[in-house]
Amino acid sequence: MEIIHVSAECYPVAKAGGLGDVVGALPKYLNQLGHNAKVVMPMYRTKFLAANEWEVVHESHQDMDGYHFKYAVIREKTNKLGFELYLVDIYGLLDRDKIYGYDDDTDRFVAFQTAVCDWIASWSHKPDVIHCHDHHTGFIPFMLKHCFAFQRLADVPTVFTIHNGQYQGQFGWERSNLLPAYDSYKWGMLEWNNAINPLASAVKCCWKVTTVSPSYLDELRYQAAGLEFLMQYEQGKCVGILNGIDNDVWNPSTDTFLPRNYDEHDAKEGKRKNKKELCQTFNLDPEKPLITFIGRLVGEKAADVLPDAIRSSIYHYHGNVNFLILGSGEPDVEGRLQEVQSQLGGFVNTYIGYNEGLSHLLYAGADFLLMPSRVEPCGLNQMYALRYGTVPMVRSTGGLKDTVKDFGDWQGFGIRFNHADVADVTNSVGRAVDLYYNKRDLFTWMRSYMMHIDHSWEASAGEYVSVYESLA
Ligand code: ADP
Ligand code: GLC
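As structure tokens, this is what we get:
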């Protein structure tokens with residue numbers, strides 16, 4: 001089948017979080033199953049763009065609320081990522097260094113989606129499925145069905161994956177002219193709560209909705225940032241498919257970011273060497289358990305709990321634990337973390353920013369990975385941690401619930417807790433410290449058990465194929 005993935009992110013071209021990892025991997029695994037999966041994304045000004053060879057495959061123009069824009073579609077010449085990769089260039093809108101965070105993001109992504117539909121409508125054939133990811137591509141199912149210019153594609157099945165329902169991209173009706181001319185009787189298909197809402201529109205208009213874990217789908221029915229009723233109403237067309245991880249990229253025995261590669265047979269020694277390197281760089285004690293957090297420093301990830309939880313844990317456990325935080329996000333949280341670091345240097349260190357290489361070294365060198373997330377639709381970090389033999393400490397929510405079993409349970413290999421607060425995190429750190437110092441055999445067994453768990457994309461890619469085939 002020919003499957004077109006449309007997304008704002010795709011690793012290694014442009015990644016802000018897990019969406020990039022998923023779109024950079026799933027198409028490759030679909031192709032390994034004999035399909036023809038392609039990715040279309042905006043042409044940001046990234047290193048990947050400059051470092052690779054491209055050919056122009058299409059050029060045209062569109063109007064958007066009185067603004068006339070030209071667009072071009074370019075294709076990476078070698079398919080080096082394991083799939084055909086197309087970038088859409090819109091001068092003045094998409095030609096930026098960052099993916100998101102601009103005042104005109106709404107205009108940028110509506111223009112992108114309009115260009116994608118216009119380009120695909122110009123093909124001599126139709127693809128079997130168009131698979132859209134998150135709200136930046138949420139208008140495509142509506143555009144194909146109800147915009148006059150794209151009627152040729154009205155019968156092409158669309159799949160929409162909710163990676164994160166907290167972000168919906170809504171805006172006021174006074175901006176409805178941004179969309180290409182549509183059947184105005186269908187305005188309700190754009191609407192939610194008195195606003196135009198691309199995430200809600202996608203859920204209404206696409207043929208099938210997927211969420212990135214089964215538990216997250218259950219949660220969305222009662223906790224969906226205002227879309228609960230819609231998720232209940234549309235549940236018949238929703239399915240939860242757990243993300244996989246790209247074992248080619250995330251493999252401790254071949255990972256080029258690591259000073260020392262290892263596998264399950266020499267994990268103890270391999271992890272010790274990577275930890276030593278980390279501890280030297282960040283002024284920490286390699287003899288103590290090292291707990292890391294990697295991610296966006298935002299409320300959803302409960303990053304605001306970290307500064308006090310770290311302080312409380314260091315006091316409670318008499319300094320017998322170290323923390324290393326990698327992330328960026330809310331300035332208040334960044335500032336509070338740096339304050340803890342300056343007060344408790346030698347026990348805590350932080351790297352404020354984005355650093356792909358360091359994240360790999362942390363998965364390899366840390367003993368524990370902390371994820372107190374308030375919301376976690378799937379979470380990839382805990383699956384990377386498992387593969388690298390690092391014990392995940394997670395709040396029981398969304399995909400974390402589906403992938404981590406507490407070591408108090410039969411064949412459990414992680415640490416779970418229920419509340420994103422200082423008390424629960426401190427208590428879990430206590431369990432981690434106890435495991436590290438007093439239950440060495442169990443700790444070693446957990447490490448080897450978790451490294452054998454298979455979260456590769458092969459199985460999940462097969463589930464997506466079943467979804468596509470059900471629509472064909
Ligand atoms: P989300 O997409 O909600 O941020 P995920 O767990 O799905 O969460 O994926 C996060 C991805 O982003 C992982 O690959 C993680 O290693 C990476 N990541 C997050 N923050 C950073 C950072 N500051 N530096 C490097 N990688 C990061
Ligand atoms: C989102 C979610 C995260 C998920 C990722 C990839 O960013 O917050 O939990 O793993 O998408 O699907």
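Quick note, the sequence shown lines up with residues 1 to 472 if you use the numbering used here.
Glycine included, C-beta positions come from ideal geometry on N, C-alpha and C.
Three-state class that DSSP yields for Glu234 in the structure shown: coil
Sufficient close CB pairs (3 or more, under 8 Å) joining the segment 200-207 to the segment 172-185: no
Nearest CA to the CA of His555: which residue from Ile3, Tyr11, Ala195, Val22? This structure leaves residue 555 out entirely; the chain is present only between 1 and 472.
Consider the C-beta atom of Asn381 and the heavy atoms of ligand 1; say whether any pair is separated by less than 8 Å. yes
Enumerate in chain order the residues of its own chain whose CB-to-CB distance from Gln382 is below 7 Å, with the five nearest sequence positions on each side excluded. Leu369, Met371, Pro392, Val394, Leu400, Thr403, Val404
For the alpha helix (DSSP H) that Asn438 lies in, which residues bound it at each end? 422-438
Determine the closest residue to Ala37 out of Pro27, Phe160, Arg45, Met43, with distance taken between C-alpha atoms. Pro27
For the alpha helix (DSSP H) that contains Gln280, what are its first and last residues? 267-282
Ordered along the chain, which non-local residues of its own chain (more than five positions away) have a Cβ less than 6 Å from that of Leu85? Val39, Glu76
Residues that Ser60 bridges to, as DSSP identifies them: Tyr71
For His135 and Gln168, believed in contact at Cβ under 8 Å, the rounded distance: 5 Å
Roughly how many angstroms lie between the CA atoms of Pro184 and Ala149, to the nearest whole one? Reading the sequence as shown, one finds Ser at residue 184 and not Pro. Roughly 14 Å separates the two Cα atoms.
Residue range of the alpha helix (DSSP H) that includes Ser328: Careful: Ser328 lies outside any alpha helix (DSSP H), inside the beta strand (DSSP E) at 322-329.
Run through DSSP, which three-state label would Phe368 get? strand
Whole-number beta carbon distance between Leu93 and Asp107, since they are thought to touch under 8 Å: 6 Å
Give the secondary structure of His163 by DSSP, where H, G and I count as helix, E and B as strand, and everything else as coil. coil
Nearest to Leu386 by CA position, among Arg374, Gly398, Leu362, is which residue? Leu362
From Tyr11, Gln32, His68, pick the residue whose C-alpha is nearest to that of Thr46; which is it? Tyr11
Secondary structure, beta strand (DSSP E): runs of 3+ residues fully inside the segment 160-200: none
For Ile291, tell me which candidate among Cys279, Lys301, Val321 has the shortest Cα-Cα distance. Val321
Would the beta-carbon of Asp63 fall within 9 Å of that of Pro198? no
Under the assumption that Glu334 contacts Leu297 (Cβ atoms under 8 Å), give the Cβ distance between them as a whole number of angstroms. 6 Å
Beta-carbon within less than 8 Å of Gly66's beta-carbon, same chain only, minus the 5 sequence neighbours each way: which residues are those? Asn177
With DSSP collapsed to three states, give me the class of Trp207. coil
Can you list, in chain order, the residues of its chain with a C-beta nearer than 7 Å to that of Asn164? Leave out the 5 residues immediately preceding and following it. Asp134, Pro377
Is it true that the CB of Gly408 sits closer than 9 Å to the CB of Met450? no
I'd like to confirm something about Ser470: is its beta-carbon nearer than 8 Å to some heavy atom of ligand 1, or not? no
Going by alpha carbons, who is nearest to Trp250 out of Leu324, Leu380, Arg96? Leu380
Please classify Gly327 as buried or exposed, where buried requires at least 16 neighbouring CB atoms within 10 angstroms. buried
Hey, how far is the Cα of Asn193 from the Cα of Phe323? 42 Å
Tell me which residues share the same chain as Val433 and place their Cβ nearer than 7 Å to its Cβ, disregarding the 5 neighbours each side in the sequence. Pro289, Tyr317, Asn320, Val321
Whole-angstrom distance between Val6 and Cys117, CA atom to CA atom: 10 Å
Glu469 classed as buried or exposed, judged by whether at least 16 other C-beta atoms fall within 10 angstroms: exposed
Alpha carbons only, please: which of Val156, Gly17, Arg96 is nearest the one belonging to Met43? Arg96
Pick from Ala364, Lys237, Ile310, Val212: whose alpha carbon is nearest that of Leu258? Ala364
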